Amino acid sequence: MDCSIFQYIGILTFSYFIVKLVLKLREGFRLYFFSTYPDFSQYGKWSVVTGPTSGIGKATAFQLASRGQNIVLISRNQEKLKKVASEIERKYNVQTKWLTIDFSLDEEIYDQITDFLQGLDIGTLVNNVGIDQKLSKFLDIPNLSMLIRNIIRVNVISAVKMTQIVLPGMVERKRGLILNISSISAVKPTSYLLMYSATKTFLNFFSQGLSYEYKSKGITIQSCMPSLVQSNLTKILPRYKKIVSAEDYCKSWLATVDKTRWTHGCLTHAFQGCLARLISTDLYHTMILASVKKIMAAPTKKTE
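And the structure:
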């Protein structure tokens, strides 16, 4: 009798995980194998992208412009902003506006941003701007106090304040899209990138909670949790050629918009995120430590 009960429990448990796996596979196919894009004009005429001068931010700005969006570019490097704006206008024949802002400064900068965006039909906000940290234990981070201040201002406060500026207009118009760039490091506490991981975890939770609050108002809000994409930094990493390009990543990611509250953006990163969730936190930390050792050795090899 007891054996039969345990057998039934085992069968039910196994069946539960099989059903869960099938649903996950179906969701993966829906997100990453059927690339259908929303009509971004349904949200509004203008898209605002923070941190748009390189990587995911720049690729996202170009992708949105290719779909007819006028683009507002906000970042701290005036020369790069002008160059990106010029490229977008020349290639896609849309309007651009740009504003030089250093998001690591005090909150007075948001008064300037509010005035700059006044009167625009902003349909899409992409909170992409962010800073990384040196691979290091917490107390060994160079200029720790400055890093703590800047990474919270840039990675956390910028997204919250930009949302505070743009969201009221979206609610009034009953349409809008907010895309927040989190990170795969938000899946589990990521040692040696602890401050970065913690800020991206906040952004992921903020996005998903906000989505539940404002979905009934016609606002779509999504958290994107990428792994590595090609950049100047990743050129020093092993197997660089296998890292997804920012352009390919954004093509895949934007096809998931309005289909899910959070996404890893592409199939490769989705597999990495799934693995991170399946393994224990202890094993995850061991793998991170091994990766850190390889990465720390890579620049020396490149120099030599």
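Reading the sequence shown from the start, the letters are residues 1 to 304 in UniProt numbering. Even for Gly, the Cβ is constructed at its ideal location relative to N, Cα and C. In this text the structure is predicted, and so the values were computed from the model without any measurement.
Just mark residue i as buried or exposed, buried being the case when its beta carbon has 16 or more other beta carbons within 10 Å.
{"i": "PRO142", "result": "exposed"}
{"i": "SER207", "result": "buried"}
{"i": "GLY55", "result": "buried"}
{"i": "LYS44", "result": "In the sequence as presented, Lys is not what sits at residue 44; that position holds Gly. Burial call: buried."}
{"i": "PHE103", "result": "buried"}
{"i": "LYS215", "result": "exposed"}
{"i": "LEU81", "result": "buried"}
{"i": "GLN164", "result": "exposed"}
{"i": "THR201", "result": "buried"}
{"i": "MET296", "result": "exposed"}
{"i": "ILE5", "result": "exposed"}
{"i": "LYS134", "result": "exposed"}
{"i": "residue 321", "result": "The structure shown has nothing for residue 321, since the chain only spans 1 to 304."}
{"i": "PHE62", "result": "buried"}
Look up residue i in the DSSP assignment and say whether it is helix, strand or coil.
{"i": "LYS259", "result": "coil"}
{"i": "SER136", "result": "coil"}
{"i": "GLY119", "result": "coil"}
{"i": "ILE288", "result": "helix"}
{"i": "ILE236", "result": "The pLDDT assigned to ILE236 is 49, lower than 50, so where the model puts this residue is not dependable, and the model offers no usable value."}
{"i": "GLY273", "result": "helix"}
{"i": "ASN127", "result": "strand"}
{"i": "LEU283", "result": "helix"}
{"i": "LYS97", "result": "strand"}
Assuming residue i and residue j make a contact with CB atoms under 8 Å, what is their CB distance in whole Å?
{"i": "LEU275", "j": "CYS224", "result": "No, LEU275 and CYS224 are not in contact; Cβ-Cβ is about 18 Å, not under 8 Å."}
{"i": "ILE109", "j": "SER75", "result": "12 Å between Cβ atoms; not a contact."}
{"i": "LEU167", "j": "SER182", "result": "With a Cβ gap of about 18 Å, LEU167 and SER182 do not count as contacting."}
{"i": "THR263", "j": "GLN222", "result": "7 Å"}
{"i": "TYR37", "j": "LEU254", "result": "6 Å"}
- Three CB pairs or more closer than 8 Å across the segment 114-125 and the segment 89-96: Result no; under three Cβ-Cβ pairs closer than 8 Å.
- Task: Could you tell me whether the segment 195-210 touches the segment 139-156, where touching means 3 or more Cβ pairs closer than 8 Å?
- Result: With contact defined as three or more Cβ pairs closer than 8 Å, the segment 195-210 and the segment 139-156 are in contact.
- Of all the alpha helix (DSSP H) runs that stay within the bounds of the segment 23-77, which reach a length of 4 or more residues? Correct list: 55-66.
- Start-end ranges of the alpha helix (DSSP H) lying completely within the segment 176-258, minimum 4 residues: Here the runs fully enclosed are 194-214 and 246-254.
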